[in-house]
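Q: Before we start, here is the structure in question, set down as structure tokens.
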Amino acid sequence: MATPFLTVAILAGGAASRLGGRDKGLEAIDGTPLIARARAYCERAIAHDFDFVIIANRHLDEYARYGRVCSDSIQGFRGPLAGVTAALEAAAATRVLTLPVDCPAPPEDLATRLIDALDNHDAVVAHDGERRQPLFALYRRELAASASNAAASGQGVFQWQDAIGAVEVDFADRRQQFHNLNTPEEFAAYADAARQRD
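As structure tokens, then:
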């Protein structure tokens, strides 16, 4: 079997404390769970052949309806870097794109622009013009051991990205599309706004 051009990893393994502990990726907007939206986004926006993996730590059977599922190898909701580690370890492709499950509408050209920027770098990450968006990143798979060591030592994604020299890619023209949902109120407001646009 040919190696895919890209692995896309949806980071859905968080504890969602601001959502009352409910599993964010399975929360629905107008009947469609965020994980289903993430899968549809990838099918629509990524022009290359890709390997799709979901990083989740609970409700694995439910997530498996949408794709291959892997869990953090570092136990106990250790944060996003544990999810990035799991993604790099599970990747079938040599390039690994990470996306957080709680962003309902990432930029359509995210993968293309990050792939174009990777060049001779080990990692590139989106910057929305105001701040880095550390979970929207593209890595070379061989960073798995580095990520694992950093996560085990308690580093966060931002700190590790600095340590490996991740290059920021300007997405100031797409700033609003990095909006993520954390609370019941944010889910409701997003759904209301989407209905008004339709």
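Just add 1030 to wherever you are in the sequence shown, counting from 1, and you've got this note's numbering.
The beta-carbon is built from N, C-alpha and C at its ideal position, and this holds for glycine as well.
Which residue wins for smallest C-alpha separation from E1119, given the options I1104, A1042 and V1131?
A: Comparing Cα-Cα distances from E1119 to each of I1104, A1042 and V1131, the minimum goes to I1104.
Q: Count Cβ pairs between the stretch 1145-1152 and the stretch 1056-1069 that sit closer than 8 angstroms; are there 3 or more?
A: The stretch 1145-1152 vs the stretch 1056-1069: no contact.
Q: From the DSSP output, read off the bridge partner residues of P1134.
A: Its beta-bridge partners do not exist; DSSP assigns none.
Q: Could you check whether P1034 and A1094 sit closer than 9 angstroms to each other, using their CB atoms as the reference points?
A: No, they are not a contact pair.
Q: Assuming P1110 is part of the alpha helix (DSSP H), what are its boundary residues?
A: Segment P1110 to A1120, the alpha helix (DSSP H) holding P1110.
Q: Counting pairs of Cβ atoms below 8 angstroms between the stretch 1123-1135 and the stretch 1054-1065, do you hit three or more?
A: In short, these stretches touch, since the Cβ pair count reaches three.
Q: Between N1179 and T1037, what straight-line distance do the alpha-carbon atoms span, to the nearest angstrom?
A: Rounded to whole angstroms, N1179 to T1037 spans 21 angstroms at the Cα level.
Q: Whether or not the stretch 1161-1171 and the stretch 1187-1197 are in contact is what I'm after, with contact meaning three or more pairs of Cβ atoms, one per stretch, closer than 8 angstroms; do they touch?
A: Segments in contact, yes.
Q: Keeping to the same chain, check which residues put their C-beta closer than 6 angstroms to that of A1112; ignore five residues upstream and five downstream.
A: So the qualifying residues of the chain are D1102, I1104 and A1181.
Q: Between V1197 and chain B, is there a C-beta pair that is closer than 9 angstroms?
A: No chain B appears in this structure, which consists of one protein chain only.
Q: Please classify L1140 as buried or exposed, where buried requires at least 16 neighbouring CB atoms within 10 angstroms.
A: Its Cβ being crowded by 16 or more others within 10 Å, L1140 is buried.
Q: Put L1230 into one of helix, strand or coil per three-state DSSP.
A: Given that the chain is displayed from residue 1031 to residue 1228, the structure contains no residue 1230 and the question cannot be resolved.
Q: With DSSP as the reference, please indicate the residues paired to L1165 in a beta bridge.
A: L1165 pairs with nothing; no bridge assigned.
Q: What do you get for A1218, buried or exposed, if any count of 16 or more other CB atoms within 10 angstroms of its CB means buried?
A: Under this definition A1218 is an exposed residue.
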